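Q: This is the structure I want to talk about, given as structure tokens.
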Amino acid sequence: MTDQLTIRDLRRKWKPHKERLGAQGGEHGHPTPIRFHRACSWLAEIENLTDAEDNDRTLIYQWIAFNALYGQWDEKRQEPKQDKTSWQDFLDQIVSLDESKYLESMLVENKKLVEAILDDEYLSKLFWRNPNQGTARQARRAKFASRTWYLEEKWTLILDRVMDRIYQIRCQL
């Protein structure tokens, strides 16, 4: 079972990386330390909520923290890059850098939750395009497909599909 880290633990683990990036300098410095600080600030707000005080606020704060990490700026267009493309690229990078297999162990440990998310038609874009029993069945197929993805260890695909469903919830708030 994986241990849940506090914000303080995350900041402590982050400190050597922050110092390394700070030493790289540059005119404006590296953007990652400020992004990490923003993410931790929003996650700290969640720690301050009492019990299950507000699930909507928790999800929103978690997404803002996630966005602080994955969000990218398109220098050419002078605007933020598209959300989905940015978080998919971010997750690809995180999975490839995860030498300790932390994400894999989290996905395995929370397999039932992953399947529940993928089984819920209300969390699927497909269902909302044409809400009926047929599209509901189609939307729930991801749960069964995920069993193969687990066997084939397609962690990035699993993360992508789950995050796509969570993004759907976030868009409804």
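Counted the way our numbering counts, the sequence shown spans residues -9 to 163.
Idealized CB from N, CA, C, for every residue including glycine.
These figures come from a predicted structure and were not determined experimentally.
Alpha carbon to alpha carbon, how far is Pro202 from Ser114?
A: Lying before the first or after the last residue shown, residue 202 is absent from the chain, which here runs from -9 to 163.
Q: Leu33 and Ile84: beta carbons closer than 8 angstroms?
A: Their beta carbons are not under 8 angstroms apart, which means Leu33 does not touch Ile84 by this criterion.
Q: Out of Leu11, Asp(-1), Arg28 and Thr146, point me to the one whose CA is closest to Gln95's CA.
A: This sequence places Ser at residue 95; Gln is not what is there. Of the listed residues, the one whose Cα sits closest to Ser95 is Thr146.
Q: Would you say Leu87 and Val152 are within 8 angstroms of each other, going by their C-beta atoms?
A: The answer is no: Cβ separation not under 8 angstroms.
Q: Out of curiosity, what's the CA-to-CA distance linking Leu59 and Glu105?
A: Whole-angstrom Cα-Cα distance: 26 angstroms.
Q: Under 8 angstroms, do Pro23 and Lys3 count as touching if we go by C-beta distance?
A: No. Outside cutoff.
Q: Just reading off the alpha helix (DSSP H) that Leu49 is part of, what are its end residues?
A: Note, Leu49: alpha helix (DSSP H), Asn45 to Tyr60.
Q: Is it right to say Leu90 is buried, meaning 16 or more other beta carbons lie within 10 angstroms of its own, or is it exposed?
A: Inspection of the sequence shows that residue 90 is occupied by Ser rather than by Leu. Ser90 should be labelled exposed.
Q: For Lys66, is the classification buried or exposed, using 16 other Cβ atoms within 10 angstroms of its Cβ as the cut-off for buried?
A: So Lys66 counts as exposed.
Q: Enumerate in chain order the residues of its own chain whose CB-to-CB distance from Glu69 is below 8 angstroms, with the five nearest sequence positions on each side excluded.
A: Cβ within range, chain order: Trp63.
Q: Going straight from the alpha carbon of Met(-9) to that of Glu99, what length do you get?
A: Note on Met(-9): pLDDT 48, under 50, position unreliable in the model; no value is reported.
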